[in-house]
Amino acid sequence: MQIDGARFLADLHKLRSFGAAGVGKGVVRPAYSAPDVTARGWLAKQMTEIGLRVEIDAMGNLFGLAEGPSILLGSHSDSQPEGGWLDGALGVIAALEVARAAKEAGGPAVSVVSFQDEEGRFGVTTGSAVWSGQLSLAEADVLEDHGGITLGDARQAMAAMVTGDAASDLFTGFIEMHIEQGPALDTSGDKIGVVTDIVGIRDMKITFEGEQNHAGTTPMHLRRDAFQAVSAFNTLLNDRLRNVVTPQTVWTIGHVSLHPNASSIVPGRAVFSMQWRDADTDRLARMEAIIRETAQEVAQAQGMALNYGTLLGLEPVAMDARLRSALEAGAEAVTPGKWRKMPSGALHDATNVARLLPVAMVFVPSIDGLSHTFAEDTAEDDLVAGVQVLAHAVGALGSGA
Ligand code: GLV
Ligand code: MN
Ligand code: MN
């Protein structure tokens, strides 16, 4: 099978044009936004043009299906609210190129997917979570984004495009190509990462409810300031987590919403996201207990009501040995001595798909380890090398992977 690097890069740049942010190569293409829906329409057309049968399910997951049993390749085409041009997009366009090259070569059969809302506007990888049965559509529909819009309402933006479900028994395995999104490959100088495992995640909203009041007249000792509660919680938590974490464990408060968010008002309410990730399920549970104890203690000390949103999460998963060794052989053929095995600290649709199919992942370097920022980028030679590794693996596995 012959990969056409120029054709692949042209398609990748075309996908970037949907939601291009005008800052570096960044994109703003969150799930169900106008650029996301238009991009999915364009992707569907590309799939049709290479002879794949398009199915779009109620969540907006977009499949291009080959005839008979096939290997499934792909990722997601939605972005973070400020996203890079490659996160997800790379895996979808690489899949399209490998499917096209495989058609031209007379096989093997390759299907393509772009899952919806991998970036978790509404939760954690919600499109593939619903497709794989991790989450029901009814459960997904009531999830809200930070602006209070439900997924059920947002997905109406794609209602006219829905055709039906793609059954997982059509596929013999799933391979997702992705940028690393961290510094390991950029630092080591390796060109390819073959993923061993994907970490687990927990994510929930926490609310401190105090008392809204005047910022000039309310004495400090009488305040019940919800921001002060968040601040105290964060400081205490960082200290307490140190006893249970490893250097690979991460936790983030990435979204804080203060009410009413005005300079002269003591904030009465703070709602914030609390997310933590680790490769060990027991450690994730120990962290949860510490988070809840600390929040409770701060709420009591500062006179706050405390509420938790739904705890969302995905378990750590190992990659399939057979698919993984096909990628390792591909990496050695395309970039001899310049690849490594590595875990993924980012989440991927592959985690959900692993409930149904053997899965594996291949990474290319992220320049300066940057991702989830407009500055995200990868050298074009590295992008093409990654597609060649993917094609090599698919050629070796055949449709019956
Ligand atoms: C996916 O983008 C993640 O948050 O790891
Ligand atoms: Mn991604
Ligand atoms: Mn991402």
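Residue numbers (this note's numbering): -15 to 385. Quick reminder that beta carbons are idealized off the backbone N, C-alpha and C, glycines included. Everything numeric in this text was worked out from a predicted model, so none of it was measured.
Minimum C-alpha distance to residue i - residue among the options
i      : options                : result
I77    : T201, K325, I159, A310 : I159
R214   : A289, L268, A269       : Looking at the sequence provided, one finds Val at residue 214 rather than Arg. Considering only alpha carbons, the answer is A289.
R224   : S248, A344, A273       : A273
Q140   : D187, A18, W115, I185  : A18
Q286   : E195, V240, A338       : E195
I40    : S98, A73, G75, G90     : S98
D71    : M303, L154, L80, H60   : H60
I(-13) : T357, A83, T156        : A83
V255   : H239, A246, D264       : H239
T22    : A144, E103, P53, V108  : A144
A344   : R186, L56, M31, A210   : L56
T32    : L80, S116, E66, G177   : L80
E123   : A93, L135, G131        : L135
A317   : L295, D266, V373, M303 : V373
Per-residue burial, residue i [other beta carbons within 10 Å of its own, 16 or more giving buried]
i     : result
M204  : exposed
Y16   : buried
E88   : exposed
L(-4) : buried
T191  : buried
R226  : exposed
V7    : exposed
V11   : buried
G321  : exposed
A385  : Note that A385 scores a pLDDT of 48, beneath 50, so its modelled location is shaky; the value from the coordinates is reported in the next line. So A385 ends up on the buried side.
T233  : buried
S355  : buried
T219  : exposed
V368  : buried
E164  : buried
E277  : exposed
D389  : Examination of residue 389 is not possible in this model, given that the chain is present from -15 through 385 alone.
A93   : buried
D365  : exposed
Residue i, DSSP secondary structure in three states
i      : result
T156   : strand
A385   : Bear in mind that the predicted position of A385 carries a pLDDT of just 48, short of 50, making it unreliable; the figure below should be weighed with that in mind. A385 falls in the coil class under three-state DSSP.
F(-8)  : helix
D333   : helix
L391   : Because the chain in this structure spans residues -15 to 385, residue 391 falls outside the shown range and cannot be described.
S98    : strand
L242   : strand
Q(-14) : coil
P172   : It should be noted that the sequence gives Ser, not Pro, for residue 172. It is helical.
R0     : helix
V229   : coil
P327   : strand
H376   : helix
A317   : helix
L311   : helix
Q196   : coil
D209   : coil
N291   : strand
T147   : coil
F106   : coil
Q259   : strand
K189   : strand
S112   : helix
I133   : coil
D366   : helix
R276   : helix
T22    : helix
R306   : helix
G58    : strand
Supposed close pair residue i, residue j - CB separation, criterion 8 Å
i    : j    : result
Q100 : D137 : Rounded, the Cβ-Cβ distance is 15 Å, inconsistent with contact.
V301 : F217 : Contact doesn't hold; Cβ gap of about 31 Å is too wide.
S54  : L154 : 7 Å
G293 : M188 : 5 Å
R208 : L268 : Between L268 and R208 the Cβ distance is about 32 Å, and since that is not below 8 Å, they are no contact.
G184 : G25  : G184 to G25, Cβ: 34 Å. No contact.
V126 : T202 : Actually they do not touch by this definition, with Cβ atoms about 37 Å apart.
H332 : S241 : No, H332 and S241 are not in contact; Cβ-Cβ is about 27 Å, not under 8 Å.
G329 : H376 : 26 Å between Cβ atoms; not a contact.
### Message
Residues around ligand 1, please: the ones whose beta-carbon is closer than 6 Å to some heavy atom of it, in chain order.
### Response
E103, A330, L331
### Query
Whose beta carbon lies closer than 5 Å to any heavy atom of ligand 2, going through the chain in order?
This selection yields D71, G72.
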